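Mapping of the sequence shown onto the working numbering: position 3 corresponds to residue 19, and the numbering continues sequentially without gaps.
Idealized CB from N, CA, C, for every residue including glycine.
Quick caveat: nothing in here was measured; it's all calculated off a predicted structure.
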Amino acid sequence: MERLLAKYTNSYLSYVILFFFYDLAFALFSALISVYLIDKGCSASQVSLLISAASLANMVTQPFIGSLTERFGMRPVNMVLFGASCFAGGLFVIAPNFAIIILAYALMNLLMNGVNPVVERMATSSPYSYGSVRMWGSIGFSAGTQLTGLLYDNVAPVAPYIAFIFAMLLAILGFWGTNPRVAEAEAANIESDGEPVSAKDLLTNKKFLYYLVLQVIFAAVTGAAYSFCSVYLTTKGLEASTASTVLSIATLLEIPLLLFSSKFMDKIGNKTLLLGIFALVLIEMVIYGLNMPLPFIIVATFIGRHPPAIINIMANMKVVNTIVDPRQQITGLALVKTCQSFGTIISNNIGGQIADAAGYPAMFLFLTAMIGVGLVGVIFFQVPSGNDKKLFS
17 MERLLAKYTN SYLSYVILFF FYDLAFALFS ALISVYLIDK GCSASQVSLL ISAASLANMV
77 TQPFIGSLTE RFGMRPVNMV LFGASCFAGG LFVIAPNFAI IILAYALMNL LMNGVNPVVE
137 RMATSSPYSY GSVRMWGSIG FSAGTQLTGL LYDNVAPVAP YIAFIFAMLL AILGFWGTNP
197 RVAEAEAANI ESDGEPVSAK DLLTNKKFLY YLVLQVIFAA VTGAAYSFCS VYLTTKGLEA
257 STASTVLSIA TLLEIPLLLF SSKFMDKIGN KTLLLGIFAL VLIEMVIYGL NMPLPFIIVA
317 TFIGRHPPAI INIMANMKVV NTIVDPRQQI TGLALVKTCQ SFGTIISNNI GGQIADAAGY
377 PAMFLFLTAM IGVGLVGVIF FQVPSGNDKK LFS
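Shown next, in the form of structure tokens:
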């Protein structure tokens, strides 16, 4: 038994289990949340209220979670967060009214997003290449999106949220088997050198503050699009299971980008990466906003949904690594996540109101204008290329 445990610790299998089931669980609780709530009689503005409440909880707690992680270490803090997410999932399943649904979903969201910066960081500090580890998250998310639709249509609308609990238990098993102590030791060595760094230094870093604004805009647009894309597809005549199949295929398009991340992420500069993903999302929003025929919408979903999102995750680690002191990069990543939550709150509230009053195409035209402003902001963003960091090679 001890030999098996020794082989499992920090093995490739442990990272596969962690990333696959963590992202599968993420898809299970989020992929069809708008469809689930609207089928329960909620309006688009109520859906936006739930998403906003979850994002607000995430925004408030992210810096605190990042600080706890840097103080007490990855393993103890995040094992607690993983375990608590199972409790939140159970609360969501038995929620008797909309208020408890909001509370439970907000709790699930802040816990899942609370561990996200560490999980992503582990992909770059594991003994294995980033793409070979992180691709299992994309496979898990794709599988979870497809499974959500199947469970929703063929078992019960609440079934995906029950499955979420089991997926998170398996993710805990994966996280327990990984060994982030190497990365923690490196962080400790960095911290022991040089002058102490205060969290206030991040707030005086002009490049970092500018970058936070760009991430607010990007998250505002992609967050609202993510929240309402599934229900928008169903309004175009697709069944929930068919819509989930489309979204599942869109997720799989992340995998080539992850597998070949070592070929381009350290060769394309930060600014060029950001320009590319903002442009792709702009194209997606234009097609949605013009309410084009379903085949065009499906193609736009394929090119504008997950590929920009996964490149943004990788570019985010690269940009933060480039412009933030190494001793504060976990806190920096947590602040980015906080600002992304803030953007999601704004866009979901406004977007839900627009969708109720004028329809989903009008909402997507509003998002088109937002991402256009962001694209202009990226053009004026002065940031080093970061190609010397070699995070993905």
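How many angstroms separate the CA atom of residue i from the CA atom of residue j?
| i | j | result |
| --- | --- | --- |
| K120 | F42 | Note that residue 120 is Ala in the sequence shown, not Lys. Taking the straight line from one Cα to the other gives about 14 Å. |
| I299 | P92 | 42 Å |
| S145 | F408 | 7 Å |
| P212 | M333 | Interpretation of P212 is limited by its pLDDT of 49, a score under 50 that renders its predicted location unreliable; no figure is taken from the coordinates. |
| E255 | S59 | 19 Å |
| I206 | A236 | Confidence at I206 is low in this model, with a pLDDT of 43, below 50, so the placement of that residue should be treated as unreliable; the coordinate-derived value is given next. Rounded to the nearest angstrom, the two C-alpha atoms are 34 Å apart. |
| L112 | I67 | Just to set this straight, residue 112 is Pro in the shown sequence, not Leu. One C-alpha to the other measures close to 18 Å. |
| E200 | S257 | Reliability fails at E200, whose pLDDT of 46 lies under 50, so the model's placement of it is uncertain and no value is given. |
| S208 | R343 | In this predicted model, S208 has a pLDDT of only 44, less than 50, meaning its place in the structure is not dependable; the value taken from the coordinates is given anyway. Their backbone Cα atoms lie some 9 Å apart in a straight line. |
| S148 | N195 | 17 Å |
| E202 | A115 | Below a pLDDT of 50, predicted positions are generally treated as unreliable, and E202, at 45, falls in that range; the measurement from the model is reported next regardless. One C-alpha to the other measures close to 44 Å. |
| T25 | R19 | 10 Å |
| V198 | S141 | In this prediction, V198 has a pLDDT of 44, which is less than 50 and means its spatial position is unreliable; what the coordinates show is noted afterwards. Near 8 Å, if we compare the C-alpha coordinates of S141 and V198. |
| T360 | L107 | 24 Å |
| L225 | G165 | 39 Å |
| P400 | K23 | 41 Å |
| N170 | S50 | 18 Å |
| F312 | L274 | 25 Å |
| S246 | S260 | 7 Å |
| I54 | A187 | 29 Å |
| Y52 | P173 | 7 Å |
| V232 | L381 | 18 Å |
| G153 | Q369 | 33 Å |
| G285 | P272 | 19 Å |
| A70 | V340 | 27 Å |
| I346 | I293 | 23 Å |
| S309 | Y248 | According to the sequence displayed, residue 309 carries Pro and not Ser. Their Cα atoms are separated by approximately 12 Å. |
| L268 | T338 | 29 Å |
| N365 | T238 | 14 Å |
| I314 | F45 | 22 Å |
| F244 | K56 | 16 Å |
| N221 | L21 | 44 Å |
| G402 | V394 | 16 Å |
| T410 | V109 | Absent from the structure is residue 410, since the part of the chain shown begins at 17 and ends at 409. |
| T85 | G253 | 45 Å |
| T317 | N307 | 13 Å |
| Q398 | V76 | 29 Å |
| K223 | A331 | 15 Å |
| A204 | V134 | With a pLDDT of only 43 at A204, under 50, the local geometry of the prediction cannot be trusted, and the value read off the model is given with reservation. A204 and V134: Cα-Cα distance of roughly 16 Å. |
| G193 | P143 | 13 Å |
| A100 | M301 | 36 Å |
| Y28 | V335 | 27 Å |
| G305 | M386 | 12 Å |
| I96 | G130 | Note on identity: in this sequence residue 96 is Val, with Ile being the wrong assignment. Whole-angstrom Cα-Cα distance: 11 Å. |
Taking a contact to mean a Cβ-Cβ separation below 8 Å, would you say residue i touches residue j in this structure?
| i | j | result |
| --- | --- | --- |
| L40 | A159 | yes |
| R410 | F35 | Outside the displayed span of the chain (17 to 409) sits residue 410, for which this structure offers no information. |
| G390 | L228 | no |
| A104 | L127 | yes |
| F157 | N94 | no |
| N125 | K353 | no |
| L296 | I329 | no |
| L383 | A266 | no |
| P176 | L167 | yes |
| L349 | L218 | no |
| N74 | S363 | no |
| M379 | G388 | no |
| K161 | S61 | Sequence inspection shows Thr at residue 161; the Lys mentioned does not correspond to that position. It is not a contact, given that the beta carbons lie outside the stated cut-off. |
Any Cβ of chain C within less than 8 Å of the Cβ of residue i?
| i | result |
| --- | --- |
| T360 | Looking at the structure shown, chain C is missing, and only one protein chain is on hand. |
In the region 70 to 122, which residue ranges form an unbroken alpha helix (DSSP H) of at least 4 residues, counting only runs that do not cross its ends? 90 to 110
Whole runs of the alpha helix (DSSP H) within the region 281 to 360, excluding any shorter than 4 residues: 286 to 305, 310 to 320 and 322 to 339
Taking only runs of the alpha helix (DSSP H) that begin and end inside the region 222 to 291, which ones reach a length of at least 4 residues, in chain order? 222 to 251, 256 to 268, 270 to 275 and 277 to 280
Between the region 370 to 383 and the region 323 to 333, do at least 3 Cβ pairs fall closer than 8 Å? no
If you pair each beta-carbon of the region 179 to 186 with each one of the region 281 to 299, do three or more pairs fall below 8 Å? no
For the structure I just gave you, are there three or more beta carbon pairs, one from the region 71 to 91 and one from the region 267 to 285, closer than 8 Å? no
Could I get the ranges of all uninterrupted beta strand (DSSP E) runs contained in the region 143 to 172, with 3 residues as the minimum, in chain order? none
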